[in-house]
Amino acid sequence: MTVKKQALPAGMHASHIRKDSSQIMINILTYIFVTVFCIICILPFWMIISSSFATEESIRRAGFTLWPVDFSTYSYELLFRSPDQMIGAYVVTIILTLVGTLIGLFLIAMTGYALQRRDFPYRNKIMFYIYFTSLFSAGLVPFYLLIVQYLNLRDSYFAILLPLLMSSWLIVLMKNFVKAIPHEITESGKIDGAGDFRIFVSLILPNLKPALATIGLFLALSYWNEWYYSSLFLTTKVVYRPLQYHLYNVINKVASLKNSVAGSNVVITDLPGETLKMATAVVATGPIILLYPFVQKYFVAGLTVGAVKG
Amino acid sequence: MGSLQKAVPKVINYKKPSFGRTLMQNRTLILMCLPAILFFLIFAYLPMPGAYIAFTNFQYNKGIFASPFVGLKNFQFLFISGQLGLLLRNTVLYNLAFIVLGNILQLAFAIMLNEISSRGYKKTAQSIMFLPYFISDVLVSLLVYNMINYDFGFISHLVRNLGGVMPKVYQDANAWPFIIVLVHLWKSTGYGTVVYFAAITGMDSSMMEAAQIDGANAWQRIRYITLPTLKPTVIILFLFAIGSILKGNFGLFYNLVGNNSMLFKTTDIIETYVYRSMMNSFNFSQSSAVGLFQSVVGFFIVLGANAFVKHLDPDYALF
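The listed protein sequences correspond, in order, to chains A and B. Here my numbering is used: position 108 in the first sequence is 108, and no number is missing along the way. Converting from the second sequence to my numbering requires adding 310 to each position, the first position being numbered 1.
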């Protein structure tokens, strides 16, 4: 059993021992395919940035190019000349994201902990009650009418904040994280005479940091990228829209303008706006892309927990 | 979810405590679940009786339950007009393409990532592939526009410069099944790759090493060890994907196609129809009839898929 002694250090692949020809072949193919796919993943983002720094005229002439033909910051100047909309959108989005993520995270963690408690007799019933909602729903129309006709939340930011607070999937994910915390911690808290809520706040929450990071990021992302509920519930009366919905309007306003002119023989190329659209996209999405390298590992962690144990 | 089935460890009880007592004893835990219970009550259970609207000729000012009852007329209309058939066809075919092509790509990239020995490259590649998952569908639509717009698109110009003819894709319904599938793969491959990659790295490495010593080459190791080990994961993910075959990726479809009716023939799925007929044509009754059809049929498909998974491996069953 000499094999055992050769136990490989963590992260090292067996292929380090010996490279056969098929391994070399696979490595070459792998590097080619993965690199090409990575380029395809990044290229569109680069194109948006590049296009936002081009002049309107050069786009009409040469289209969107890998590198701006005539470099210009005009679209950004235009954007920041009347920055009200953008600043408002940022403020709304940041507040929604912060408030929604914090409240949602706390409630999800609390629920996940209670439902993972072995000595809680109703946990299976409540879990099923929650889980059933992901199997069957009334559909969009009754939900829409509930919000608009019965809860009167049209044009209210609550119509965006509330429905995104929780999901059965995130509660299940949280339960999986809680499962990894030994039950003895709860027991020790009980022996010290702490109540269930106290145990949760002072003993469990500190142990849930990776879970809070992962699930918090999922929540934050859904608030940051929110445009769907906004499109359903915010009418033109609302001045400041969430960022992505603002972007949606900028994109589609220009598009509809274009459609309306397309029939009337006006030269499409006379219309401004292409670079402005791109610049709006850059400003609206920039922060999340800049944050991405620092947060993506928590997503990977969440997916792994969800996939392997789920 | 396996834990749902596990019975609560039986404590020897000489007398079963009364319901009220158990309630009192667990009041804190119940209160801790209360926000979630209320949340799902309001946003998921309260709308359920509202599905009644599918059987009415809905009048906004009267509300759901005072609108005239019309029985199955809404459903009849959708069947006879062929609308429902078209929506079902599109929804199911798109999902099949997503599931089959998506899983092949994700598996391939997960296996490839596993073959890469440079840790830095592996991590960077994983991060980059995961990036498209992070952005909103609104931005995706702009990225696509930037690429294939007839007048200015990057690819359009490339095609023309190479002497080809670029179709006006935003007017050509036949182009969209390809575009939507490609964009979907672009956005979701990184996500699925991470899932499969996690399953591969969780594999028992001793088998690999044994095969290595027995002289198996890299292809053989993938073919006879990695793939068979992944098979249960693949089958189960596949079955659950089939379970939600009537659900569509609304955000992607709606942002790419929007209200461009020239493209509906090949791009309209259940979700987009429901949304449009409610928000644009205010046809609440038909919209909800389609939605209810999707919910009910989808529910039974999930039950079927789950029963099948349970049959294969009870540990993976959802309930």
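Quick reminder that beta carbons are idealized off the backbone N, C-alpha and C, glycines included. The structure presented is a predicted model; accordingly, all values stated were derived computationally and were not measured.
- When we look at the beta-carbon of Gly330 of chain B and count the other beta-carbons within 10 Å, is it buried (16 or more) or exposed? Looking up residue 330 of chain B in the second sequence gives position 20. Its Cβ having fewer than 16 others within 10 Å, Gly330 of chain B is exposed.
- Message: Using 8 Å for Cβ pairs, my map puts Glu425 of chain B next to Thr133 of chain A. What's the rounded Cβ distance?
- Response: For the purposes of this step, residue 425 of chain B is taken as the residue at position 115 of the second sequence. For the purposes of this step, residue 133 of chain A is taken as the residue at position 133 of the first sequence. Rounded, the Cβ-Cβ distance is 41 Å, inconsistent with contact.
- Task: Classify Gly601 of chain B as buried or exposed, calling it buried when 16 or more other Cβ atoms lie within 10 Å of its own Cβ.
- Result: Residue mapping note: residue 601 of chain B aligns to position 291 of the second sequence, counting from 1. Its Cβ being crowded by 16 or more others within 10 Å, Gly601 of chain B is buried.
- Query: Does the pairing of the region 469 to 478 of chain B with the region 423 to 442 of chain B give three or more beta-carbon distances under 8 Å?
  - Reply: no
- Going by C-alpha distance, which of B:Asn616, B:Met588 and B:Val619 is nearest Ile363 of chain B? If you number the second sequence from 1, residue 363 of chain B lands on position 53. The candidate whose alpha carbon is nearest that of Ile363 of chain B is B:Met588.
- Message: Contact criterion: CB-CB distance below 9 Å. Does Thr55 of chain A meet it with respect to chain B?
- Response: Stepping through the first sequence from its first residue, residue 55 of chain A is reached at position 55. Not one chain B Cβ lies under 9 Å of Thr55 of chain A.
- Query: Listing by chain order, which chain B residues have their CB less than 9 Å from the CB of Pro210 of chain A?
  - Reply: Residue 210 of chain A sits at position 210 when you count from the first residue of the first sequence. Residues of chain B passing the Cβ test: none, with the nearest at roughly 15 Å.
- Message: Short of 7 Å in beta carbon distance, which residues of its chain neighbour Gln244 of chain A, apart from the five on each side in sequence? Order them along the chain.
- Response: Translated into positions along the first sequence, residue 244 of chain A becomes position 244. The answer, listed in chain order, is Asn225, Glu226, Trp227 and Ala284.
- Task: Spell out the partners DSSP gives Gln366 of chain B in its beta bridges.
- Result: As a first step, residue 366 of chain B is located in the second sequence; it is residue number 56 there, counting from the start. This sequence places Thr at residue 366 of chain B; Gln is not what is there. For Thr366 of chain B, which the question treats as bridged, DSSP gives the partners B:Phe379.
- Buried versus exposed call for Ala376 of chain B [16 or more other C-beta atoms within 10 Å across all chains shown]: Within the second sequence, numbered from 1, the residue matching residue 376 of chain B stands at position 66. By the 10 Å Cβ count, Ala376 of chain B comes out exposed.
- For the region 48 to 133 of chain A, list the beta strand (DSSP E) runs that are entirely contained and at least 3 residues long, ordered along the chain. none
- Message: Contact criterion: CB-CB distance below 9 Å. Does Pro293 of chain A meet it with respect to chain B?
- Response: Within the first sequence, residue 293 of chain A is the residue found at index 293, counting from 1. Judged by the 9 Å Cβ criterion, Pro293 of chain A is in contact with chain B.
- Item | Cα-Cα separation between Ile532 of chain B and Gly195 of chain A, rounded to whole angstroms | Locating residue 532 of chain B in the second sequence gives position 222, counting from the first residue. Locating residue 195 of chain A in the first sequence gives position 195, counting from the first residue. Cα to Cα, Ile532 of chain B sits roughly 53 Å from Gly195 of chain A.
- Item | Same chain, Cβ closer than 6 Å to Asp270 of chain A, neighbours up to 5 away in sequence not counted | Indexing the first sequence from 1 puts residue 270 of chain A at position 270. Reliability fails at Asp270 of chain A, whose pLDDT of 45 lies under 50, so the model's placement of it is uncertain and no value is given.
- Query: So which of A:Arg117, A:Gly139, A:Leu208 and A:Tyr122 has the shortest CA-CA distance to Lys190 of chain A?
  - Reply: Against the first sequence, residue 190 of chain A aligns to sequence position 190. Minimum Cα distance to Lys190 of chain A is reached at A:Arg117.
- Query: Which residues of chain A have a Cβ atom closer than 8 Å to the Cβ of Phe419 of chain B, listed in chain order?
  - Reply: Residue 419 of chain B sits at position 109 when you count from the first residue of the second sequence. By Cβ distance, chain A contributes Phe33, Val34 and Phe37.
- When the distance is taken between beta carbons, is Phe603 of chain B closer than 9 Å to Thr582 of chain B? Along the second sequence, read from residue 1 onward, the residue named residue 582 of chain B stands at position 272. Along the second sequence, read from residue 1 onward, the residue named residue 603 of chain B stands at position 293. No, the pair does not count as a contact, with Cβ atoms beyond the cut-off.
- To the nearest angstrom, how far is it from the Cα of Ile555 of chain B to the Cα of Leu78 of chain A? Counted from its first residue, the second sequence places residue 555 of chain B at position 245. Counted from its first residue, the first sequence places residue 78 of chain A at position 78. Distance between the alpha carbons of Ile555 of chain B and Leu78 of chain A: 45 Å.
- Message: Quick check on the DSSP output: what are the complete alpha helix (DSSP H) runs of length 4 or more inside the region 521 to 552 of chain B, in order along the chain?
- Response: 528 to 531
- chain B beta carbons: is any one of them nearer than 9 Å to that of Gly195 of chain A? Taking the first sequence and counting its residues from 1, one reaches residue 195 of chain A at position 195. Yes, Gly195 of chain A counts as interfacial toward chain B.
- Task: With DSSP as the reference, label Asp482 of chain B as helix, strand or coil.
- Result: Residue mapping note: residue 482 of chain B aligns to position 172 of the second sequence, counting from 1. In this structure, Asp482 of chain B counts as coil in the three-state DSSP scheme.
- Message: As a quick exercise: from A:Val34, A:Leu151 and A:Ile215, pick the residue whose alpha carbon is nearest that of Phe353 of chain B.
- Response: Taking the first residue of the second sequence as position 1, residue 353 of chain B is located at position 43. Of the listed residues, the one whose Cα sits closest to Phe353 of chain B is A:Leu151.
- Can you tell me whether DSSP reads Tyr506 of chain B as helix, strand or coil? On the second sequence, residue 506 of chain B is found 196 positions in, with the first residue counted as 1. Here Tyr506 of chain B sits in helix by DSSP.
- Query: Taking Cβ-Cβ distances shorter than 8 Å, what residues in chain A pair up with Asn336 of chain B?
  - Reply: Along the second sequence, read from residue 1 onward, the residue named residue 336 of chain B stands at position 26. Per Cβ cutoff of 8 Å: Phe120, Pro121 and Tyr122.
- Does the region 290 to 297 of chain A come close enough to the region 157 to 175 of chain A that 3 or more CB-CB pairs lie under 8 Å? no
- Query: Between Met174 of chain A and the rest of its own chain, which residues show a CB-CB distance below 7 Å, the 5 nearest in sequence each way excluded?
  - Reply: Within the first sequence, numbered from 1, the residue matching residue 174 of chain A stands at position 174. The answer, listed in chain order, is Ile108, Ala109, Gly112, Ala211 and Ile215.
- Message: Rounded to the nearest angstrom, what separates Asn471 of chain B and Gly63 of chain A at their Cα positions?
- Response: The residue labelled residue 471 of chain B in the question sits at position 161 within the second sequence. The residue labelled residue 63 of chain A in the question sits at position 63 within the first sequence. Approximately 11 Å, taken between the alpha carbons.
- Message: So Pro538 of chain B contacts chain A; which residues on that side make the cut at Cβ distance below 8 Å?
- Response: Counting from one through the second sequence, the residue named residue 538 of chain B turns up at place 228. Within chain A, no residue comes near Pro538 of chain B; the closest Cβ sits about 17 Å away, beyond 8 Å.
- Are any of the Cβ atoms in chain A nearer than 9 Å to that of Met311 of chain B? Working through the second sequence from its first residue, we reach residue 311 of chain B at position 1. With a pLDDT of only 43 at Met311 of chain B, under the threshold of 50, the placement of this residue in the model should not be trusted; the figure read from the coordinates follows. Output row for Met311 of chain B: interface = yes.
- List the residues of chain B that Thr285 of chain A touches, going by C-beta distances under 7 Å, in chain order. Here residue 285 of chain A is taken as the residue at index 285 of the first sequence, counted from 1. By Cβ distance, chain B contributes Ile445 and Leu449.
- Residues near Ile49 of chain A by beta carbon distance below 7 Å, same chain, minus five either side: Indexing the first sequence from 1 puts residue 49 of chain A at position 49. Same-chain partners within the cutoff: Val282.
- Message: Nearest by alpha-carbon distance to Ala54 of chain A: which of B:Lys383, B:Asn456 and B:Ala418 is it?
- Response: Taking the first residue of the first sequence as 1, we reach residue 54 of chain A at position 54. The shortest Cα separation from Ala54 of chain A among B:Lys383, B:Asn456 and B:Ala418 belongs to B:Asn456.
- Query: Since Thr133 of chain A meets chain B, which of its residues come closer than 9 Å, beta carbon to beta carbon?
  - Reply: Walking along the first sequence from the start, residue 133 of chain A turns up at place 133. Going along chain B in sequence order, the residues near Thr133 of chain A (Cβ under 9 Å) are Phe350, Phe353, Ala354 and Tyr355.
- Taking only runs of the beta strand (DSSP E) that begin and end inside the region 178 to 223 of chain A, which ones reach a length of at least 3 residues, in chain order? none
- Query: Between Arg154 of chain A and the rest of its own chain, which residues show a CB-CB distance below 6 Å, the 5 nearest in sequence each way excluded?
  - Reply: Counting from 1 along the first sequence, the entry for residue 154 of chain A is found at position 154. Result list for Arg154 of chain A: Val148 and Phe233, in chain order.
- Message: Please tell me whether Lys5 of chain A has its Cβ less than 9 Å away from any Cβ of chain B.
- Response: Stepping through the first sequence from its first residue, residue 5 of chain A is reached at position 5. Reliability fails at Lys5 of chain A, whose pLDDT of 40 lies under 50, so the model's placement of it is uncertain and the value that follows must be treated cautiously. Not closer than 9 Å to any Cβ of chain B, the Cβ of Lys5 of chain A fails to qualify, so no.
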